[in-house]
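Visitor:
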Amino acid sequence: MTDTEQIKTFVSKYYHYLGINKQQEITRLLFEIAKRERIDYIKVTESLPKPPARFSRIKDYLLERRYPSLTKSRQGIRPSFFDITIDPELKVDFTLKPPIQPKNIFIEESVAHTEMVKRVTTHFPESNVEIIKTYKEHVGKRRFGIVDYNKRRENFYLVREDYDFFKKCPCSSNSVFCGYFVVNLGSGCPYECSYCVLQDYINSPGIILPANIEDFFAAFKNLGRDIRCGSCELTDSLAFDHITGYSPLIVEFFRHYPKTLYELKTKSDNIDLLTSVPGARNIIVSWSLNPQKIVETVEHFTAPLAQRLEAAQRCTACGYRVAFHFDPIIYYQGWEADYEALVDMAFHAVDGENVAWVSLGTLRMTPRLKKIIENRFPDNTILDEEFLAGHDGKLRYPKETRRSIYKNMTSWIRKRCKNVRIYLCMEEKSMRLE
Ligand code: SF4
793 MTDTEQIKTF
803 VSKYYHYLGI
813 NKQQEITRLL
823 FEIAKRERID
833 YIKVTESLPK
843 PPARFSRIKD
853 YLLERRYPSL
863 TKSRQGIRPS
873 FFDITIDPEL
883 KVDFTLKPPI
893 QPKNIFIEES
903 VAHTEMVKRV
913 TTHFPESNVE
923 IIKTYKEHVG
933 KRRFGIVDYN
943 KRRENFYLVR
953 EDYDFFKKCP
963 CSSNSVFCGY
973 FVVNLGSGCP
983 YECSYCVLQD
993 YINSPGIILP
1003 ANIEDFFAAF
1013 KNLGRDIRCG
1023 SCELTDSLAF
1033 DHITGYSPLI
1043 VEFFRHYPKT
1053 LYELKTKSDN
1063 IDLLTSVPGA
1073 RNIIVSWSLN
1083 PQKIVETVEH
1093 FTAPLAQRLE
1103 AAQRCTACGY
1113 RVAFHFDPII
1123 YYQGWEADYE
1133 ALVDMAFHAV
1143 DGENVAWVSL
1153 GTLRMTPRLK
1163 KIIENRFPDN
1173 TILDEEFLAG
1183 HDGKLRYPKE
1193 TRRSIYKNMT
1203 SWIRKRCKNV
1213 RIYLCMEEKS
1223 MRLE
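Below, the structure is given as structure tokens:
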């Protein structure tokens, strides 16, 4: 029996006189307290109000223990007490480390003749190759769950993108729109960041890579205006670059549109192709940065911090500008020293003049994503902090915590670089910087 089942059984016996929803709330709080305090749930039950205690008394006790600082500051706690079920089958297998080696490559017949398809199939001579009519027809109306998501690296789909070339970044409602357009150059990522939204978002049995990049360029010409854009909404912009070979084509195309900013955002150090052509100042290669201890425990399979920064250095030497995303910032005891050192390392590696912008954002998730993280990364510690449901229903650290994080980060960045543009990502309008 898993821990969660044991807790459920305990609660249904001990508090048998309470309704099912109340039992669910108690179960979740017991689970989260035991996990947060790294003790067996039985230890937590020792100080629970005894039956026939009223539900409000039991809940007050549990809330105070689960949310000590929020209770102290008398902030309204509105957590989601959804059912807790941990299926061990859904846990990420950390032995499945890249290098990427798909078992199957499915190719839409309309792109079978393209250079990109030739490059990908040559790169993986051992993969089974199958020509399909279309991706849509191949997968039909099936829904794909976490088991499929865990196996996504086994299947590559090389497709023709017909519609979604450039679209406005889908900020949460009431969030500050940062004027960004997303380029849909792939869906699915080989890495395993515990907080990744893709694990909740993607409904596909594999990695999808458009093979018709020239149509993206044509769509850009049709837009008829300069924009700020990047190919990082549904994938890591460079993780597959050695396979698709796209970055030199992107650089060569966009260097002719110097007022358009094209961002390649990554947690990799996969920049060999990118640095094989002369850089362009309007191509921004950006890294999402976290302290090395977070990289190791949360951003599984990604490049170590030192390698990301070394890659950033190589890119600036080659003529590109870079950007840094301190996002998501993970709050924990002693975060200040680690993040100040991180800011130091970033601006030591790259001169501020070569940094196009910096973004800041703190960890956030929908309740559904939280449930997925619990199942895929049961040993995580990122869920143990105190979260509140925010303006868009997502769980975030309390406002005061976020405000203090942004204030500190901004002052550390300003110390090293007076003029760089800093903006907030996925934050509510009332959260302003400086
Ligand atoms: S690198 Fe980005 S897209 Fe890939 S798993 Fe991490 S958060 Fe998700």
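Residues in the sequence shown are numbered consecutively from 793, following this note's numbering. Even glycine gets a Cβ: it sits at the ideal position worked out from N, Cα and C.
Note down the Cα distance separating Val1147 from Asn1004, rounded to an integer number of angstroms.
Guide: Against the sequence shown, residue 1147 aligns to sequence position 355. Against the sequence shown, residue 1004 aligns to sequence position 212. Approximately 31 Å between the Cα atoms of the pair.
Visitor: Hey, would you say the C-beta of Asp992 is under 7 Å away from at least one heavy atom of the ligand SF4?
Guide: As a position in the sequence shown, residue 992 is number 200, starting the count at 1. Checking every heavy atom of the ligand SF4 against the Cβ of Asp992, none is found closer than 7 Å.
Visitor: Would the segment 1190-1206 and the segment 1157-1169 be scored as touching if the rule is three or more Cβ pairs under 8 Å?
Guide: no
Visitor: Kindly indicate which three-state DSSP category His1048 falls into: helix, strand or coil?
Guide: For the purposes of this step, residue 1048 is taken as the residue at position 256 of the sequence shown. Reduced to three states, the DSSP call for His1048 is coil.
Visitor: For the segment 1070-1081 against the segment 1034-1048, do three or more pairs of beta-carbon atoms, one drawn from each stretch, fall closer than 8 Å, so that the two count as touching?
Guide: yes
Visitor: For Pro1120, count neighbouring Cβ atoms within 10 angstroms of its own Cβ and tell me buried if that reaches 16, exposed if not.
Guide: Your numbering for residue 1120 matches position 328 in the sequence shown. Burial call: buried.
Visitor: Quick check on the DSSP output: the beta strand (DSSP E) that includes Cys1021 runs from which residue to which?
Guide: By one-based count along the sequence shown, residue 1021 stands at place 229. Per DSSP, Cys1021 belongs to the beta strand (DSSP E) from Arg1020 to Gly1022.
Visitor: Give every residue of the same chain whose Cβ lies closer than 7 Å to the Cβ of Gln1105, excluding the five residues on either side of it in the sequence, and list them in chain order.
Guide: Counting from one through the sequence shown, the residue named residue 1105 turns up at place 313. The residues are Ala1141 and Val1142.
Visitor: Going by the DSSP bridge assignment, what does Asn947 pair with across the sheet?
Guide: Looking up residue 947 in the sequence shown gives position 155. According to DSSP, Asn947 bridges with Asn896.
Visitor: Flag Thr1036 as yes when its Cβ comes closer than 7 Å to any non-hydrogen atom of the ligand SF4, and as no otherwise.
Guide: As a first step, residue 1036 is located in the sequence shown; it is residue number 244 there, counting from the start. Flag unset: Cβ of Thr1036 not near the ligand SF4.
Visitor: When the Cα of Phe1032 is compared with those of Ser902, Ile892, Gly932 and Tyr955, which residue comes out closest?
Guide: What you label residue 1032 is simply residue 240 of the sequence shown in a count that begins at 1. Of the listed residues, the one whose Cα sits closest to Phe1032 is Ile892.
Visitor: Under a three-way DSSP split, which group does Glu1220 fall into?
Guide: Stepping through the sequence shown from its first residue, residue 1220 is reached at position 428. Of the three classes helix, strand and coil, the one that applies to Glu1220 here is strand, per DSSP.
Visitor: Kindly indicate the opening and closing residues of the beta strand (DSSP E) around Glu922.
Guide: As a working mapping, residue 922 is identified with position 130 in the sequence shown. Taken as a continuous stretch (DSSP letters only), the beta strand (DSSP E) holding Glu922 covers Asn920 to Ile924.
Visitor: Using alpha carbons as the reference points, say which of Ile834, Asn896, Ser1023 and Lys1057 lies closest to Val803.
Guide: In the sequence shown, counting from the first residue as 1, residue 803 sits at position 11. Comparing Cα-Cα distances from Val803 to each of Ile834, Asn896, Ser1023 and Lys1057, the minimum goes to Ile834.
Visitor: In whole angstroms, what is the alpha-carbon distance linking Lys928 and Pro997?
Guide: Looking up residue 928 in the sequence shown gives position 136. Looking up residue 997 in the sequence shown gives position 205. Taking the straight line from one Cα to the other gives about 12 Å.
Visitor: Going by DSSP, what residue range makes up the beta strand (DSSP E) through Arg934?
Guide: Numbered from 1 along the sequence shown, position 142 holds the residue referred to as residue 934. No beta strand (DSSP E) contains Arg934, which DSSP labels as neither H nor E.
Visitor: Which whole runs of the beta strand (DSSP E) in the segment 989-1071 are 3 residues long or more, in chain order?
Guide: DSSP runs (the beta strand (DSSP E)) wholly in the segment 989-1071: 999-1002, 1020-1022 and 1053-1058.
Visitor: Work out the CA separation of Thr796 and Arg846 for me, nearest whole Å.
Guide: For the purposes of this step, residue 846 is identified with residue 54 of the sequence shown, where counting begins at 1. For the purposes of this step, residue 796 is identified with residue 4 of the sequence shown, where counting begins at 1. Answer to the nearest angstrom: the Cα atoms are 23 Å apart.
Visitor: So, helix, strand or coil for Ala1095, using DSSP?
Guide: Within the sequence shown, numbered from 1, the residue matching residue 1095 stands at position 303. Ala1095: coil per DSSP, three-state reduction.
Visitor: Given a cut-off of 8 Å, decide if Arg820 and Ser902 are closer than it, judged by their beta-carbon atoms.
Guide: As a position in the sequence shown, residue 902 is number 110, starting the count at 1. As a position in the sequence shown, residue 820 is number 28, starting the count at 1. Taking 8 Å as the Cβ cut-off, Ser902 and Arg820 do not qualify as a contacting pair.
Visitor: Please report the straight-line C-alpha distance between Glu1006 and Glu1132, rounded to a whole angstrom.
Guide: For this step, residue 1006 is matched to residue 214 along the sequence shown. For this step, residue 1132 is matched to residue 340 along the sequence shown. So the two alpha carbons sit approximately 42 Å from each other.
Visitor: Run through DSSP, which three-state label would Leu1180 get?
Guide: Residue 1180 sits at position 388 when you count from the first residue of the sequence shown. Judged by DSSP in its simplified three-state form, Leu1180 adopts strand.
Visitor: Cys961: beta carbon under 7 Å from a heavy atom of the ligand SF4?
Guide: The count along the sequence shown starts at 1 and reaches residue 961 at position 169. Incorrect: Cys961 has no Cβ contact closer than 7 Å to the ligand SF4.
Visitor: Since Leu1134 contacts Pro1096 with CB under 8 Å, what's their CB separation in whole angstroms?
Guide: In the sequence shown, counting from the first residue as 1, residue 1134 sits at position 342. In the sequence shown, counting from the first residue as 1, residue 1096 sits at position 304. Contact doesn't hold; Cβ gap of about 13 Å is too wide.
Visitor: Does DSSP put Phe916 in a helix, in a strand, or in coil?
Guide: Locating residue 916 in the sequence shown gives position 124, counting from the first residue. In the structure shown, Phe916 sits in coil (DSSP, three-state: anything other than H, G, I, E or B).
Visitor: Use the C-beta contact count for Lys960: other C-beta atoms within 10 angstroms, 16 or more gives buried, fewer gives exposed.
Guide: Position 168 of the sequence shown, counted from the first residue, corresponds to residue 960. So Lys960 ends up on the exposed side.
Visitor: Assign Thr914 to buried or exposed, taking buried as 16 or more other Cβ atoms, counted over all protein chains shown, within 10 Å of its Cβ.
Guide: Along the sequence shown, one-based indexing puts residue 914 at 122. It counts as exposed.
Visitor: Are three or more beta carbon pairs between the segment 1016-1024 and the segment 982-991 nearer than 8 Å?
Guide: no
Visitor: One question on the structure: do Leu1030 and Thr1058 come within less than 8 Å of each other, judged by their Cβ atoms?
Guide: Residue 1030 sits at position 238 when you count from the first residue of the sequence shown. Residue 1058 sits at position 266 when you count from the first residue of the sequence shown. Going by C-beta atoms, Leu1030 is nearer than 8 Å to Thr1058.
Visitor: Could you name the residues of the same chain whose beta carbon sits closer than 6 Å to that of Arg1113, not counting the 5 residues immediately before and after it, in chain order?
Guide: The residue given as residue 1113 occupies position 321 in the sequence shown. Short of 6 Å from the beta carbon of Arg1113, and not among the five residues preceding or following it, lie these beta carbons of its own chain, in chain order: Arg1073, Ile1076, Asn1146 and Ala1148.
Visitor: Less than 7 Å between the CB of Glu856 and some heavy atom of the ligand SF4, yes or no?
Guide: As a working note, residue 856 is residue 64 in the sequence shown. No, the beta carbon of Glu856 sits no closer than 7 Å to any heavy atom of the ligand SF4.
Visitor: Under the rule that 16 or more other beta-carbon atoms within 10 Å means buried, what is Val939, buried or exposed?
Guide: Within the sequence shown, residue 939 is the residue found at index 147, counting from 1. Label assigned to Val939: exposed.
Visitor: In angstroms with no decimal places, state the Cα-to-Cα distance between Lys910 and Thr1094.
Guide: Here the question's residue 910 lines up with position 118 in the sequence shown. Here the question's residue 1094 lines up with position 302 in the sequence shown. Straight-line spacing of the CA atoms in Lys910 and Thr1094 works out to 27 Å.
Visitor: Can you list, in chain order, the residues of its chain whose CB lies under 7 Å from that of Gln1099, leaving out five sequence neighbours each side?
Guide: Here residue 1099 is taken as the residue at index 307 of the sequence shown, counted from 1. The residues are Asp1061.
Visitor: Any C-beta of chain C sitting closer than 8 Å to the C-beta of Glu900?
Guide: The structure shown has no chain C; it contains just one protein chain.
Visitor: So, is Leu1152 buried or exposed, given that buried needs 16 or more other C-beta atoms within 10 angstroms?
Guide: In the sequence shown, residue 1152 corresponds to position 360, counting from 1. Buried is the call here.
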